[in-house]
Every structure is written in structure tokens, then in C-alpha cells.
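In numbering that gives the first Met the number 0, the protein residues as written are 0 to 328. Notes to accompany the following structure.
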Amino acid sequence: MNILDNRLNIKPLNIFIDPQYPVEKAIISHAHADHAKSGHDKVLATKETIDIMKIRYGENCAKSFQVINYGESLKINDVDITLYPAGHILGSAQILINFKGQKTLVTGDYKTVDDKISTPFELIKCDTLVSEATFGLPIFRHPNANEEIKKIITSLNNNSRSTHLIGCYALGKAQRVISLLRDSGYKETIFIHGALEKICRYYMNNNIKLGNLEKISNLKDFDLKNNVVIAPPSALKDRWSRRFKNKISSQASGWLSIKQRVKQNQIEIPLVISDHSDWNELTKTITNTRAEKVLFMHGNEEALVYWCKKKGIDALPLSIHGLKEKVEK
Ligand SMILES: [Zn+2]
Ligand SMILES: [Zn+2]
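Put into C-alpha cells, the structure is as follows:
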């Protein structure tokens with residue numbers, strides 16, 4: 000029996016993982032908007048995920064909340080549910096479902112590289128693996144993030160009259176880029192767009208050291224020189240960014256290994272920094288979980304399905320999982 004259907008419903012319990020529309024009971028893998036929606040009756044997640052959902056959507060974004068800590072098991076009827084760190088962003092979790100000894104693991108978004116700001120990814124053995132596939136093509140090999148950030152440090156040294164504007168998603172990426180800048184020895188105040196403030200403060204309250212940050216709107220004069228400003232990628236494209244004179248635009252994203260994207264977004268300093276697994280991490284994880292069956296979601300599934308089949312592992316895109324069964328009935 001497949002414990003999960005292709006909408007990630009744990010069928011015997013009617014609990015959905017990362018549902019896209021309001022349900023009675025939802026397990027949320029992490030607080031990114033494509034996984035965490037508001038309006039569920041009950042949300043089960045890590046404390047950090049619940050906190051961040053409340054920051055972003057309001058205290059009443061679900062009727063009730065239940066915290067599940069990493070490694071802690073929740074037993075409902077014959078099903079054991081355990082959350083493990085996914086290393087993607089603060090609070091991100093993989094979800095292990097143990098049903099009468101059959102283990103199904105849903106990775107959610109994950110990366111195996113330790114970013115020092117989220118709890119490191121834990122490898123969990125399972126029978127069936129439901130894996131994300133965002134960067135599921137062999138062309139995707141993320142470079143070392145510490146090396147990527149040096150591009151900014153070098154540019155700051157060479158362009159002392161310019162403002163360095165770095166586009167980063169507000170949750171996870173912004174804090175990672177700030178932390179990487181600090182690790183590379185950058186001690187100056189970093190200026191942030193207002194949209195980043197609450198999440199940055201939440202990370203800092205969780206003992207993640209981001210150094211001195213200042214909200215850009217507190218400044219009257221935008222003629223910053225030799226400074227770093229972090230803003231959501233959308234802000235780089237709109238009027239907001241025109242106030243900066245002598246700006247050098249940068250962005251941090253795993254997609255920027257594609258030259259076309261760099262050109263499209265007019266990025267002068269592309270930082271190939273991702274919070275998702277690249278091809279090597281995905282395939283290595285599949286092998287190491289020893290899963291006999293792998294279902295892929297969330298991206299480039301075909302190449303991974305092909306890779307699995309060549310290795311003798313049963314594989315399918317999650318979207319068609321279970322559908323054949325219905326037809327046969
Ligand atoms: Zn995510
Ligand atoms: Zn995602």
C-alpha cells in the first residue's frame with residue numbers, strides 16, 4: 000500500500016504535507032510560501048516554521064498549532080511521524096512516516112551542505128523516498144558559497160565609490176548571504192530593505208550572528224558609498240533601486256549558473272548560492288538513503304527518474320504516482 004497519494008496526503012490519517020489549499024491537518028516542511036499556506040485548521044511543524052509562519056501571515060494563520068521537534072516522534076494510530084533537519088532554511092524539516100515498519104521519507108526542500116545557520120541535513124534511511132528535484136539536471140553543480148561571496152568582497156575593494164546591491168529572497172537566502180559576508184571578514188554595517196527586517200531579527204533572536212544590520216529606510220541620504228545593501232530580488236527591478244547612485248547589482252541564486260538568467264536580470268555580479276541540493280547532492284542522497292522507490296516533485300524530475308532507473312531504482316514523478324493504480328481498478 001502507498002501510504003502517500005500524489006498530493007502528499009498521509010492517507011490513513013488524512014494529514015497533508017505542504018498542502019496548497021486549506022485542509023484540516025497539515026504538516027508543513029518549512030515556511031517558504033510555496034510550502035506554507037495560511038488557513039489550515041491545524042498545523043504541525045517545527046517551532047521555527049510555526050514562528051516564521053506567524054511572522055509572515057499573522058498569529059491566526061491557522062486555528063491551532065502543534066510543535067514537533069527534530070527527532071521527536073508523533074504516533075497516531077499505526078503511523079509514526081518524525082521530523083528531521085533538512086538543512087534548507089531555519090526550521091526546515093524532512094518528514095519520515097513509519098507505517099508498520101515501512102518507511103517513507105519526504106525530503107521537502109533540502110541541501111546537504113552545512114550553511115552554519117540552519118540545523119545541518121540529516122541522512123535518513125528509508126524504503127520510499129519523496130525527493131525534491133529543483134536542480135535535478137547534471138548541469139547544476141553549485142560552487143562553494145564561501146568562494147562565491149568573495150566576488151563581493153573583491154568588488155568592494157575595487158569599487159570604493161559604489162553601493163553593492165544584492166538581491167536575495169527574504170527568508171533564508173538573505174540571512175545566508177549576510178552570514179557568508181561575516182564569515183569572509185566583512186564587519187561593516189549591512190543595510191537591509193524593510194521586507195527583510197523581521198526575518199533577520201528572528202534569526203538573530205535564534206542566536207544566528209548577522210552582525211550590525213540597519214534598515215535602509217532609516218537613512219535619509221541614499222548616496223551610500225562602498226556599502227552592501229540586501230533587498231528582495233523584485234526590489235532590484237523597481238523604482239526603489241533607482242535611488243542608489245553608482246550601484247553595482249548582484250543577486251544570489253542557484254539559477255544564476257545559467258548565463259541567460261544573469262543577462263535577463265542585468266546582474267553584474269552573479270552569486271551562484273543555493274539552498275537546494277545540486278545534482279550531486281540529490282543523487283548521492285538517493286543512493287545513501289538506500290530507498291527502493293523514489294518519487295520526485297518540485298522541478299526537473301525526468302533526468303533523475305532516468306538516473307534512478309539506470310541504477311535499478313524504481314522511480315516516478317510524484318504527479319503520476321498512484322494514478323496508474325486507479326486506472327487498473
Ligand atoms: Zn524552500
Ligand atoms: Zn520549495
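For glycine and all other residues, C-beta sits at the position ideal for the given N, C-alpha and C.
Terminal residues of the alpha helix (DSSP H) in which residue i lies
| i | result |
| --- | --- |
| valine 228 | Careful: valine 228 lies outside any alpha helix (DSSP H), inside the beta strand (DSSP E) at 226-230. |
| alanine 92 | Here alanine 92 belongs to no alpha helix (DSSP H); instead the beta strand (DSSP E) covers 92-98. |
| leucine 303 | 301-309 |
| alanine 144 | 144-157 |
| valine 271 | No alpha helix (DSSP H) holds valine 271; DSSP gives it neither H nor E. |
| glutamine 101 | Unbroken run through glutamine 101 is the beta strand (DSSP E), 101-105; no alpha helix (DSSP H). |
| glutamate 196 | 196-204 |
| glutamine 263 | 258-263 |
DSSP-derived helix/strand/coil call for residue i
| i | result |
| --- | --- |
| leucine 315 | strand |
| aspartate 4 | coil |
| leucine 180 | helix |
| leucine 136 | coil |
| aspartate 33 | coil |
| alanine 173 | helix |
| alanine 25 | strand |
| tyrosine 56 | helix |
| serine 252 | coil |
| leucine 128 | strand |
| alanine 234 | helix |
| valine 326 | Here the model assigns valine 326 a pLDDT of 45, short of 50, so the residue's position is not dependable and the matter cannot be decided. |
| threonine 48 | helix |
| glycine 86 | coil |
| isoleucine 67 | coil |
| isoleucine 80 | strand |
| serine 72 | strand |
| isoleucine 247 | strand |
| isoleucine 215 | helix |
Chain-order list of residues whose beta-carbon lies under 8 angstroms from that of residue i (same chain, five-residue window excluded)
| i | result |
| --- | --- |
| histidine 275 | His87, Asp108, Tyr109, Lys110, Glu131, Thr133, Phe134, Gly253 |
| leucine 209 | Gln174, Ile177, Ser178, Arg181, Ile189, Cys199, Tyr202, Met203 |
| aspartate 77 | Pro11, Phe98, Lys99 |
| phenylalanine 15 | Arg6, Leu7, Asn8, Ile9, Val22, Lys24, Ala25, Ile26 |
| glycine 70 | Thr81, Leu82, Tyr83 |
| serine 159 | Lys224, Asn225 |
Contact belief for residue i with residue j at Cβ below 8 angstroms, rounded distance in angstroms
| i | j | result |
| --- | --- | --- |
| valine 66 | threonine 45 | 7 angstroms |
| isoleucine 268 | isoleucine 151 | 6 angstroms |
| valine 228 | histidine 163 | 7 angstroms |
| leucine 170 | isoleucine 198 | 5 angstroms |
| alanine 290 | leucine 128 | 4 angstroms |
| isoleucine 165 | glutamine 250 | 7 angstroms |
| arginine 55 | alanine 30 | 7 angstroms |
| lysine 36 | glutamine 19 | 6 angstroms |
| threonine 282 | leucine 104 | Between leucine 104 and threonine 282 the Cβ distance is about 16 angstroms, and since that is not below 8 angstroms, they are no contact. |
| isoleucine 266 | serine 248 | 6 angstroms |
| isoleucine 51 | leucine 95 | At roughly 22 angstroms, the Cβ-Cβ gap does not stay under 8 angstroms, so isoleucine 51 and leucine 95 are not in contact. |
Residues near residue i in its chain [Cβ-Cβ closer than 7 angstroms; skip 5 each side]
| i | result |
| --- | --- |
| lysine 53 | Cys60 |
| alanine 144 | Leu179, Ile272 |
| leucine 155 | His163, Asn225 |
| lysine 115 | Ser178 |
| asparagine 264 | Gln250 |
| alanine 194 | Ala169, Pro231 |
| isoleucine 49 | Val42, Phe64, Val66 |
| glutamate 196 | Lys214 |
Cutoff 6 angstroms; reference residue i; Cβ partners in own chain excluding five residues on either side
| i | result |
| --- | --- |
| glutamate 300 | Ala132, Pro316 |
| threonine 106 | Gln93, Ser130, Glu131 |
| alanine 302 | Gly135, Leu136 |
| phenylalanine 139 | Asp277, Trp278 |
| aspartate 113 | Pro119 |
| lysine 292 | Thr127, Asp313 |
| proline 21 | Gly38, His39 |
| serine 72 | Asp79, Thr81 |
| serine 216 | Gly193 |
For residue i, the first and last residue of its enclosing beta strand (DSSP E)
| i | result |
| --- | --- |
| leucine 281 | Segment 278-288 is the alpha helix (DSSP H) holding leucine 281; no beta strand (DSSP E) there. |
| isoleucine 10 | Note on residue identity: the sequence assigns lysine, not isoleucine, to residue 10. Taken as a continuous stretch (DSSP letters only), lysine 10 belongs to no beta strand (DSSP E), as it is neither H nor E. |
| lysine 41 | 39-44 |
| phenylalanine 295 | 292-298 |
| threonine 162 | 162-166 |
| lysine 186 | Run containing lysine 186: none; DSSP gives neither H nor E here. |
| isoleucine 14 | 14-16 |
Contact with chain B by residue i, beta-carbon distance below 8 angstroms
| i | result |
| --- | --- |
| glutamine 101 | Going by chain labels, chain B is absent from the structure shown, which holds only one protein chain. |
Next item on the list: Give me every residue whose Cβ sits closer than 5 angstroms to any heavy atom of ligand 1, in chain order.
Entry: His31, Asp108
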